[in-house]
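Inspection log for the structure reproduced underneath, given as structure tokens.
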Ligand SMILES: [Zn+2]
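The structure is reproduced here in structure tokens:
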């Protein structure tokens with residue numbers, strides 16, 4: 015008798031405990047789930063316009079952008095790449111792409127061999143601070159071919175984009191003796207790039223975070239000005 019009674023009471027306590035634990039788990043899960051989007055969106059996002067004149071294959075370009083984003087993510091920031099040469103994009107994106115060169119709308123243009131020839135000093139890339147990054151895709155391809163490593167092209171392209179964007183965002187004299195802002199990339203730097211260890215220093219990451227936060231705020235203002243115009247055009251069919 016005691017045993018069943020005790021057993022019954024024990025079961026009740028056990029059930030109550032399980033219910034409380036289950037309820038607490040559900041509440042905690044919902045709480046975490048409700049926080050997740052806010053956490054995911056809390057890092058400043060910078061829109062960078064991309065003009066792929068070299069017709070870099072989409073797979074290579076996307077991989078390169080992912081690599082550049084990974085390097086810049088260390089600063090707690092993220093990049094939204096806006097492909098300005100694609101055919102279908104929204105009216106507001108088109109207005110951003112047609113807005114002309116601007117420090118508030120950093121841009122990356124990727125050139126092929128013919129277009130690169132006019133820039134005699136162009137190695138892998140250079141930056142017109144604080145507005146525009148120019149990349150020679152063909153010289154990156156030559157390097158990947160010389161290393162007999164076709165897969166190297168997307169990684170190297172991503173690192174070069176991150177380096178040149180580093181110049182736009184960190185300002186002049188932003189070369190450093192170590193990390194991704196080294197001025198000369200030889201065999202060792204390319205090896206580190208392929209290993210994913212050619213990165214921004216903590217000091218550079220701090221500065222990048224601040225600068226990207228400032229630019230992201232300015233870009234929100236620009237987009238807010240554009241949005242009413244494009245929505246009016248859409249509603250009137252113009
Ligand atoms: Zn440089």
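In this note's numbering, the protein residues as written are 15 to 252. Yeah, the Cβ is synthetic: ideal placement off N, Cα and C, and Gly gets one too.
Go to residue i, then tell me how far its alpha helix (DSSP H) extends in each direction, as first and last residue.
| i | result |
| --- | --- |
| residue 66 | Note, residue 66: premise wrong, no alpha helix (DSSP H); beta strand (DSSP E) at 59-66. |
| residue 169 | 166-184 |
| residue 109 | 105-111 |
Could you have a look at residue i and say whether DSSP puts it in helix, strand or coil?
| i | result |
| --- | --- |
| residue 153 | helix |
| residue 43 | Note that residue 43 has pLDDT 40, beneath the 50 cutoff, so the model's placement of it is unreliable and the number below is only indicative. DSSP places residue 43 in helix when its eight states are reduced to three. |
| residue 97 | strand |
| residue 116 | strand |
| residue 92 | strand |
| residue 209 | helix |
| residue 69 | coil |
| residue 215 | coil |
| residue 198 | coil |
How big is the Cα-Cα spacing for residue i and residue j?
| i | j | result |
| --- | --- | --- |
| residue 214 | residue 193 | 6 angstroms |
| residue 236 | residue 160 | 44 angstroms |
| residue 125 | residue 67 | 5 angstroms |
| residue 232 | residue 118 | 7 angstroms |
| residue 189 | residue 109 | 33 angstroms |
| residue 139 | residue 183 | 15 angstroms |
| residue 95 | residue 170 | 17 angstroms |
| residue 209 | residue 239 | 42 angstroms |
| residue 52 | residue 113 | Interpretation of residue 52 is limited by its pLDDT of 39, a score under 50 that renders its predicted location unreliable; no figure is taken from the coordinates. |
| residue 234 | residue 162 | 44 angstroms |
| residue 142 | residue 62 | 15 angstroms |
Tell me the DSSP bridge mates of residue i?
| i | result |
| --- | --- |
| residue 148 | 123 and 140 |
Spell out whether any CB of chain B is found under 7 angstroms from the CB atom of residue i.
| i | result |
| --- | --- |
| residue 223 | Absent here is chain B; the protein component of the structure consists of one chain. |
Cβ contact check for the stretch 80-98 and the stretch 164-179: 3 or more pairs under 8 angstroms: yes
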